[in-house]
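Following: one structure in C-alpha cells, then a few remarks.
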Amino acid sequence: MKLSWKVTSAVVISSILTMLVVTTLVFFLSRNALETAARANRAETVSQTADKVNRFLYERYIDLATFAERPSVIYSLEAPTQASTSALVPKLDYANMKMEYWDKIMSVNTQGKIVDSSRKQDRGQQLIGVDQQVFDQAMAGVLITTDLIHNEDWPTPTLIFASPVRGSGTNRPIVGVVIAYFSWQNVVEVLEGVLSPMAIFDQQGQIIAANNAEQINTHIQEHHQQIFQKISQQTNDRNQANSLIIDSTMVTYISQLGYLDYKGNNWIFFSEISNQLAMDPAVQNAVRVGMAMILVFVVVAILTSYVFRQIITKPVEQLSQSVTKITQGQLSTRISLTSKDEIGRLADAFNKMLDKLEQTQQSVEHQVEDKTKEVMLQKSNLDNQQKALLNILEDVEEEKEVTKALATDLQKFQLAVANSSEHMIITDAEGLIVYANQAASKITGFSAEEMIGQKVGTAKLWGGQMSKAFYEKLWQTVKVKKQTFAGEINNHRKNGEKYIAEASISPILDAKGKVTYFVAIERDVTHAKEVDRMKTEFISLASHQLRTPLSAMKWFLEMLLNNDAGKLNKQQHEFVQNIDTSNERMIALVNSLLNISRIESGRIIIDPHPTDLCKLIQEVAAELKQKMVEKKTKFVLSCNNRLPLIKLDQKLIREVFKNLLTNAIKYSPPGSEVIVLVSSKGQEVIAQVSDTGYGIPEAEQGKVFERFFRATNVVKFETDGTGLGLYLAKAIVESSKGKIWFKSQVGKGTTFWVSLPLSGSPGKKGEVSLDS
Amino acid sequence: MVQAHSFTVMVLEDEALLLQAITKKLQLNQLQTISCTQGKQAIDYLRELENPPDAIWLDYYLKDMDGLNFMNELKKNKVWAKIPVFVVSNSADDEKVHSMLALGAKRYLLKAQYRLEDIIEIVLKTLSSKSFDKKV
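Following this line, the structure appears as C-alpha cells:
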C-alpha cells in the first residue's frame, strides 16, 4: 500500500486510538465523578423531594395550627350550647386551609362531638376510632400528625393532623380540637412532579407513596431487605441522602426523621435508577464529547497526514520512483529534491551514488566487454583444442593399430634377439644392464636376474679383466664419441673360466642425438682364437719348418753353382741351375702363402712413415733391374714434383709395386715399355702402371684379384708365378685405405692404377709383417 | 770378395744341414768357425775360449733357448757383449727384429732372402771395419 495511505491511516488510527484511550480513560476516571455526580444529583433530587414533602406537610401543619387560632374556630367551639342550630353555627372559614389539600376538616368540642365539618354529614357526630385517639392526643394539648392511615376503614391513604384549640380566656383553656384529614394524594402528586422514580416507605417497609409504583415496587421488594439493613446500619446523619449500588442499580435514599420542628414519621424517601440511566446524561455527554473529539482528531489526522505527506512521504515517494527507474536500468535518473533535511541529504547521497554507479556500470561494461572478448577467445581456443584433441584421438586410434602391428613385429625381433646365439646385452646410458638374452647367460654363466641392474664391464660380472685404460677408451668411444666400439675383450665366466670375446658395442641415440642405450653384442671367440692361434702356430711352424729345408737347398745350390764343391760341367751347371730356379719358386710360394695367411688373419703390422712414393717406386724398379735387363724392358717413371710425403708402410707398399712392376715386366713381350706415372688428384695420389703386354682376357678380368689366379693366356708360357701377387697387392692397398683397379685389352696391354689417400694409411698394431 | 785374416765366427744353428752349409761357406772364405747347435753349448765354448770369436752367426730358434735369451746371456759378459751378432733366421717379425737389434744384434737377416755369399759379405764387411777400428 502506498506510503501516504500508510501514513494517513497510521495517523488516523493512532489518533483514534489515542482518542479512544483518552476517552476511555477520561470516561473511567470521570465515571466515578459522573457516578458521584449522578449520585449527588439523585441524592439532591431525593433530598429535595423529601424536603418538599416535609415542607408541604409542615405547611399543612402550620396551616392547621393557624386555623386553630382563628376566632371563628375558637368561637365555634366556645359557644357550643348555644347553638344547636346550624344557622348559628358560624361557618368555618377555610380560606387559608387550601381545601384542595384536605379531604376533611372538623372541629370537635371537648366532648368529642363534631361541631363542624367540611363534610356536612359529619356534624353532630361523635368521634370514634382513630379519630377518637387523635382527639384524645390533641386534647392533651399537642399538635399531632399521624402516620399514614390506610386500611378498610380508610380506603384512601390519609394523614390526620389535629390541633387543640385554645379559648380566648386568660389561661387559654383548650376548648376543642380541630382535625384535618390530609389527602395523601397530594404527596403522591409531589412525587409525581419529580422525574426520577421516587417512593416513600414507612418504617415497616411499605410503600406509602410512589410516582412509579409498579417499577419501584418490584425492585424494592427484591432488595428492600438489603436496603433496610443498610439503613439500620447507618446511625449518623440520617438527614443525608445516601446511595447504594445494588445490582447495577443505583439506589438513593434518605430516611427522614424530622425536618425542623415538624415531627416526621420516619419515612424513607427512596429513589432508584439504573446506573445506566443515571449515567445517561453523563454518557450522552461523553459520547457527544467523544464524537466531537473523533471528528477533531480525524480532521487533525488528515491535516497531519497531509503535512506528513508533503514533508516526508512525497520526497520518499520521489526517491522510490527514482529508485524504481534506476532498477529498471535508467541510471541517468537523478533525484531533484531541494529540502535541506535528512531526506534531502539522502537524495544528495543517492545522486552521488548514482553518479558513481553510472561510472562503475560503464567501467563494468568495459570490463565485461573485455572479459567477454577474453572468454570468446578462450572459447575459440578451447574449440580448437577440442578439435585438436579429436584429431589426436583419431591419430591415437590409428597409432593403436600401428602399435598393435608393431607389437606383433616387435615380438619377432624380441624372439630373434632372445633366442639368438650371439650374446646380446642392452644397457642404459650409464651402463646398467636392462636386458640380457639367453645366449648372454649361456656364455657368461650369469643369469639374467644376476645381470639386470648391474653395471656392465665390471669384475662382478664377466668383465674387469682388461686394463683401466682399455675400459676408459671403450667408454670414451661409445659414450663421448658416440661411435661403435669393436674389439676383443678378455672376459671371465661366472665359474672363473677365462674367455675372449669379440665385442661390438654401439650407442643408441634418440632424436636429439643423446645416448639412451648401449647395445653390446659379443661373440665368444675363444675357440676362433684358438683356431687362429693354431693357425699362427702352424704358420710359424711352416715358416720355420718349410723354410729350413728350402734354405738348406738354396745355400747348397748356391755353393754348387759357385763351384765351391768343385767346378761343374756345363750340363751339371744347367741341372743345378734348374734345381735352384725351382727352389727359388718354392721359396717365393712359401713366402707368398705366409704373407697371405698373415694378411688374412689381419695381424699384419702397418707401420706408416712419411714416404716419398716416387722414390719408393724407383727403388723397387732398381731391385727389378736384373729382370728388366733380361727382358729388355723400357722403364719410364714420371712423377709429379710437388708430391708431398705420404704416410705409408714402406714395406707393404713396396710389395705392391714390386708385384705390379713384376707383372708388367713378366707379362709383356721383350722390348716392351713399362710406364709408371705418379700424380696427385684431390685428396689422393694415383700411381699408374701400364704395360703394352699380353693383356687380360675380358672374361677373366673379374677373377684377376683372386688367390692363385693366373690368366689362361699367360700361364702357358710364363709358368713362373704364384697367382698370389695381385691378391696380396689388393689386400695391402685396401688396408692402406687405398684403391686398386685396372683396364686391360688382350694383345694391347694392361694398366693398373693404385690410389692412396694423401692423408696416408692408418697405422695398425699387428703382430707380423710380410715375409717374416 | 774381401780377404779376411783369421776371423773366427761362431755359428749357432740347430739345423744340421744348414750348419754344414754355413760353416763350409765360411771356411771357403777363409774364416774360422765354431759350430754350435745349442745355446748352452755356445755359452760353454765362450767360457772356455781364450779369445772370443770375432762374430756370432745366430739362428733365432735354438733347441734350448731362443735368440733373446742368448743375447741376454751374452750381455752378462762384458767381453761377450762386444761381439757383433748376426741373426740369421727364417722368421723375422718386426718385434723380434727390434728386440734383437735393441739387445745389440748387428744385423737381422732372413735366411730365405739372402744367399750365403751375401750374408758372409755382410759379416766380413763388419768385421773388417771393426778390425780397422781395433787397429786404430
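Just so you know, the protein sequences line up as chains D and E, in that order. Quick note: the first sequence uses this note's numbering, first residue 631, plus one each step. Quick note: the second sequence uses this note's numbering, first residue 24, plus one each step. Ideal placement from N, C-alpha and C gives every residue a C-beta, glycine not left out.
Contact holds between the region 732-747 of chain D and the region 801-817 of chain D, because three or more Cβ pairs, one in each stretch, are under 8 Å apart. Counting along the chain, D:Asn739 sits inside the beta strand (DSSP E) bounded by residues 732-739. Counted as a single uninterrupted DSSP element, the stretch harbouring D:Arg975 is not any beta strand (DSSP E) but the alpha helix (DSSP H) occupying residues 972-1049. Across the structure, D:Pro803 and D:Pro785 are spaced so that their CA atoms are roughly 35 Å apart. Apart from sequence neighbours up to five positions away, no residue of its chain approaches D:Ala663 with a beta-carbon distance below 6 Å. For the region 123-143 of chain E, the set of residues with a beta-carbon nearer than 8 Å to any beta-carbon of chain D comprises Leu133, Lys134, Ala135, Gln136, Arg138, Leu139, Glu140, in chain order.
By alpha-carbon distance to D:Pro701, the top candidate from D:Val772, D:Gln1106, D:Val795 is D:Val795. Not flagged as an interface residue toward chain E: D:Asn1208, since no C-beta distance is shorter than 9 Å. Considered as a whole, the region 1090-1139 of chain D harbours 1115-1122, 1128-1139 as its complete beta strand (DSSP E) runs of no fewer than 3 residues, in chain order. For the pair of segments examined, the region 969-986 of chain D was found to touch the region 932-949 of chain D: the number of CB pairs separated by less than 8 Å reaches three. When the beta-carbon positions are compared, D:Ala840 and D:Val818 come within less than 9 Å of each other. Put simply, the CB of D:Asn1192 is near chain E, with a gap under 9 Å to one of its CB atoms. Nearest to D:Leu1275 by C-alpha distance, out of D:Gln1015, D:Leu1386, D:Tyr1297, is D:Leu1386.
Bridge partners of D:Pro1387 according to DSSP: D:Glu1314. Non-local beta-carbon contacts of E:Val120 in its own chain, meaning distances under 6 Å to residues more than five positions away in sequence, involve Tyr131 in chain order.
A straight line joining the alpha-carbon of E:Lys48 with that of E:Glu140 spans about 8 Å. In this structure, DSSP gives D:Lys636 a helical state, which the three-state scheme calls helix. Between the beta-carbon of D:Gly1083 and that of D:Gly1061 there is about 11 Å, and that puts the pair past the 8 Å contact cut. For E:Leu40, there is no enclosing beta strand (DSSP E); the enclosing alpha helix (DSSP H) covers residues 39-51. In the displayed model, D:Thr1349 falls within coil according to three-state DSSP, outside both helix and strand. Remark: C-beta atoms of D:Leu1278 and D:Ser1391 approach each other more closely than 9 Å. D:Ile643 counts as exposed, since fewer than 16 other C-beta atoms from the protein chains shown sit within 10 angstroms of its C-beta. Residue environment analysis places D:Thr1178 among the buried positions, since at least 16 neighbouring C-beta atoms fall within 10 angstroms of its C-beta. Looking only at D:Cys1244, D:Glu1004, D:Gln1256, D:Ala1158, the smallest Cα-Cα distance to D:Asn1270 is reached by D:Cys1244. Beta-bridge pairing by DSSP links D:Glu1152 to D:His1053, D:Ala1133. By the C-beta density criterion, D:Ser793 is buried, having at least 16 other C-beta atoms within 10 angstroms.
Listed along the chain, the chain E residues whose CB falls inside 9 Å of the CB of D:Ile1217 are Ala135, Gln136.
In the same chain as D:Ser1222, and ignoring 5 residues on each side of it, the C-beta atoms closer than 6 Å to its own belong to Thr1352, Leu1354, in chain order. Around D:Glu1052, the same chain offers Ala1069, Ile1151, Arg1153 as residues with beta carbons nearer than 7 Å, after the five sequence neighbours per side are excluded. At a beta-carbon threshold of 8 Å, none of the residues of chain E lie near D:Ser1222; the nearest stands roughly 12 Å away.
Under DSSP, D:Phe812 forms a beta bridge with D:Trp732, D:Leu789. By the neighbour-count criterion, in which a residue is buried when 16 or more other Cβ atoms sit within 10 angstroms of its Cβ, E:Leu41 is buried.
D:Val1306 is not a Cβ neighbour of D:Ala1361, given a cutoff of 9 Å. Unbroken beta strand (DSSP E) stretches of 3 residues or longer found wholly inside the region 40-124 of chain E: 55-59, 78-81, 108-112, given in chain order.
In the DSSP assignment, D:Asp766 falls within the alpha helix (DSSP H) that extends over 759-769.
At a cut-off of 9 Å between beta carbons, E:Asn113 contacts chain D.
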